[in-house]
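Numbering (UniProt numbering), first residue to last: 1 to 599.
Glycine included, every Cβ here is placed at the ideal spot set by N, Cα and C.
The structure under discussion appears below in the form of structure tokens.
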Amino acid sequence: MIVGKMNCHLGDHLTLQHAVMQWEQYQSDGLLRSTHAVVGAEDLMQLLKNYSRQHGTQMKGHISVGVVGYPNTGKSSVINSMKRHSAVETGGRAGVTKVAQEVQLDSKVTLIDSPGVVFEGSSNDPSVVLRNVVRVESVVDPVAVVEALAAKAPREALLNFYGLRDFKDVSEFLIHVAQVRGKLKKNAGGAGAGLDLASAARSVISDWTTGKFRYYVLPPASSSQDAAIAEAAAAIRLGVSKLGDLGADPWTILLHALRHMWLSSTEFHWSPNRRMMKMRCAGALSGCIRDTIKLKPEKLEAQRQAVSHFVRQARAKGSRVALITSGGTTVPFEVNTVRFIDNFSTGTRGALCTQEFLEAGYAVIFLHRKGSNFPYATEIVKKLNEAPLELLQASACTQPPSDIQERLLAIGFNTIFDYLFLLRECSQAVADAGTAATILLAAAVSDFYVPESEMATEKIQSRAHDGLTVQLRNVPKLLGAVRLWAPQAFILSFKLETNPNILLAKAAGALKKYKVDAVCSNVLQTIRDWVTIVEVDKASSIEVPSEISGEEREPVQVSGVRSRRVERKDAKSVDVPLIRSVIEMHSEKMASGGSSGYA
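As structure tokens, then:
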């Protein structure tokens, strides 16, 4: 049995691993098989070599091994794992492999990668579509597929992921999705008029096939006792030898088992008094951190200790703690970096927000781009660009508090990889402050990156290539991970758009999907003058303009959220009234014991 295409995401890695192991046990029942139930690349390679031996002798002949099956089940990935490099193209969608191709594993074994096989007529079967073997855009009846998904998936999971209280049928569910995501068309009157339910259904299918929304089921069990035995057996196979020492709680059993099998790049911590898991997982962000583990900051361990010490000291003094990210990340093309992608962010907003938090008495961890704007020195950068001679006449610095050395810890980053590792460490550190922690994610994080395995080691030579083609991969969204790392913190994220018509819808979507406390949305053209704060309020709704493609349409309502505009007015920057509002919201959350609108 080869298990592939399993997305190990932060929040559900524990339960997914549990389910996979139970299915593996279930599939093995009644079969004669080796004690090595699951083989790795080396074992599979040796198995193929054994097949290549001629019958009755030790002589080896050449064999060709075809890898066949449904599309998008990991056939090409298995070949790449055995070849130890990207010998064939892979992707998270059906139809990447177009033609059969041979890959020479060694002198005796040839692997044949083949396009996926879909039987005639099965492409209209919802269960086949949900296996991700058919392209979403090719689905004839997407609503029927969503009906099948809704019938199988846990209702609570659907409600939480899509931000719903309840829905009576799939049509009502799709109307909500269409409203939030702006799926619109011209229709006659009636419920859901103007909404493109087929397009909304395709977006739901895409959520499932890309791993954004997922569910799993456990294998059949003849009785509850059988299920308990299967659960314990899965834990034993993970390395637990003395179940009696672990107590009766199956989650505790599974947790201790995971300690024995977890990746070396992962740390797992259990807090029994709060019944809460904290994960430090270098390989969980869709492979992004795992792909670049060698590019982590050189002084990461020292920085981790410094942040933890800073938070402990702040809490000992009774101070609130803020983590503020600021400035833009770079995307390097080479390991020894000369060429990279950058963005226009100067870190002004993050620096000004840090000033306001310091003035309010917070202890602040300032995770910033090296060379970007710094608290109490933003005017220096401005004058350096606009009137550098004025810097020779007088200081442009704002006077900082006298105890700034004790209440400000500045940590610099350059690359997207620096940022990912440092954000994880800082978020986990401020989590120890509980509800007294707040996190402002004001950094301009790159949306794409180049994995280390695909980077040039040295500088790319300009005349060695006929042009340069670089394939970028998506950086995973970090908001959900930050919420997991700091579950009780007040989290504010920022949403910048150039099209004001989609701004509120995007902000509301991020608010509901990632369970942050508020989203500060702003338009590039007016970024310094006003912002809109979007936050959870189950009794309210906001009106989202539906004009996206240039056609005038009726606005749609997004329920469960509210918005309020914050303007600069007499302040030097809109960040001054913005942070005052954020501190008020943080105080309200602390007063309520840490509960949010999602509770």
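Item to check | Straight-line Cα distance separating Asn-80 from Val-566 | outcome: 52 Å
Checklist entry - Can you tell me whether Val-519 is buried or exposed, with buried defined as 16 or more other CB within 10 angstroms of its CB? => result buried
Checklist entry - Where does Val-482 fall in DSSP's three states? => result helix
Checklist entry - Asp-125 to Val-139, Cα distance in whole Å? => result 9 Å
Checklist entry - Taking Ser-326 as the reference, which of His-368, Pro-297, Phe-344 has the closest Cα? => result His-368
Item to check | Reference Asn-474, options Asn-499, Val-67, Ile-491, Ser-446, closest by Cα | outcome: Ser-446
Checklist entry - From what residue to what residue does the beta strand (DSSP E) around Leu-325 run? => result The residue you asked about is not Leu; residue 325 is Thr in the sequence shown. That run of the beta strand (DSSP E) goes 321-326.
Checklist entry - Given that a residue counts as buried once 16 or more other Cβ atoms are within 10 Å of its Cβ, and exposed if not, what is Gln-179? => result buried
Checklist entry - What's the call for Arg-580, buried or exposed, on a 16-neighbour Cβ count within 10 Å? => result exposed
Item to check | Three-way DSSP call (helix, strand, coil) for residue 638 in this model | outcome: With the chain covering only 1 through 599, there is no way to say anything about residue 638.
Item to check | Spatial neighbours of Phe-310 in its chain, beta-carbon cut-off 6 Å, leaving aside the 5 residues before and after | outcome: Leu-409
Item to check | Status (buried if at least 16 other CB within 10 Å, exposed otherwise) for Ile-583 | outcome: buried
Checklist entry - Does DSSP classify Glu-298 as helix, strand or coil? => result coil
Item to check | Environment of Phe-490 [buried if 16+ CB atoms lie within 10 Å] | outcome: buried
Checklist entry - On the three-state DSSP scale, how would you describe Asn-160? => result helix
Item to check | Beta-bridge partners of Ile-63, as assigned by DSSP | outcome: Val-109
Item to check | Other residues of its chain near Gly-434: CB distance less than 6 Å, five sequence neighbours each side excluded | outcome: Gln-488
Item to check | Cβ-Cβ distance between Val-531 and Val-574 below 8 Å | outcome: yes
Next on the checklist: Quick check: Leu-164 and His-176, are their CB atoms within less than 8 Å of each other?
Outcome noted: yes
Checklist entry - If we ignore side chains and look at the alpha-carbon of each, how far apart do Val-364 and Gly-194 end up? => result 47 Å
Checklist entry - Can you tell me whether DSSP reads Ser-286 as helix, strand or coil? => result Summary for Ser-286: the model assigns pLDDT 45, below 50, so the residue's position carries little reliability; its value from the coordinates is reported in the next sentence. Looking at Ser-286 - three-state DSSP - the assignment turns out to be coil, as it is neither helix nor strand.
Next on the checklist: What would DSSP say about Val-531, mapped onto helix, strand or coil?
Outcome noted: strand
Checklist entry - At what residues does the beta strand (DSSP E) containing Arg-369 begin and finish? => result 363-369
Checklist entry - Residue range of the beta strand (DSSP E) that Lys-506 falls in? => result No beta strand (DSSP E) contains Lys-506, which is instead part of the alpha helix (DSSP H) from 503-514.
Item to check | Contact under 8 Å by Cβ, Phe-333 with Phe-340 | outcome: yes
Next on the checklist: Do Ala-200 and Lys-212 have their beta-carbon atoms positioned less than 8 Å apart in this structure?
Outcome noted: no
Checklist entry - Can you tell which of Glu-359, Thr-337, Pro-375, Asp-342 has the C-alpha that lies nearest to the C-alpha of Gly-350? => result Pro-375
Item to check | Per-residue burial, Ser-203 [other beta carbons within 10 Å of its own, 16 or more giving buried] | outcome: buried
Item to check | Per-residue DSSP class, three states only, for Glu-452 | outcome: helix
Next on the checklist: Taking its Cβ as the centre, do 16 or more other Cβ atoms sit within 10 Å of residue 622, making it buried, or is it exposed?
Outcome noted: Since the first and last residues shown for the chain are 1 and 599, residue 622 lies out of range.
Next on the checklist: Please tell me whether Ser-64 and Asp-113 are closer than 8 Å, where the distance is taken between their beta carbons.
Outcome noted: no
Next on the checklist: Measuring straight from C-alpha to C-alpha, what distance separates Glu-156 and Leu-300?
Outcome noted: 39 Å
Item to check | Residue interval of the alpha helix (DSSP H) (run including Glu-425) | outcome: 416-430
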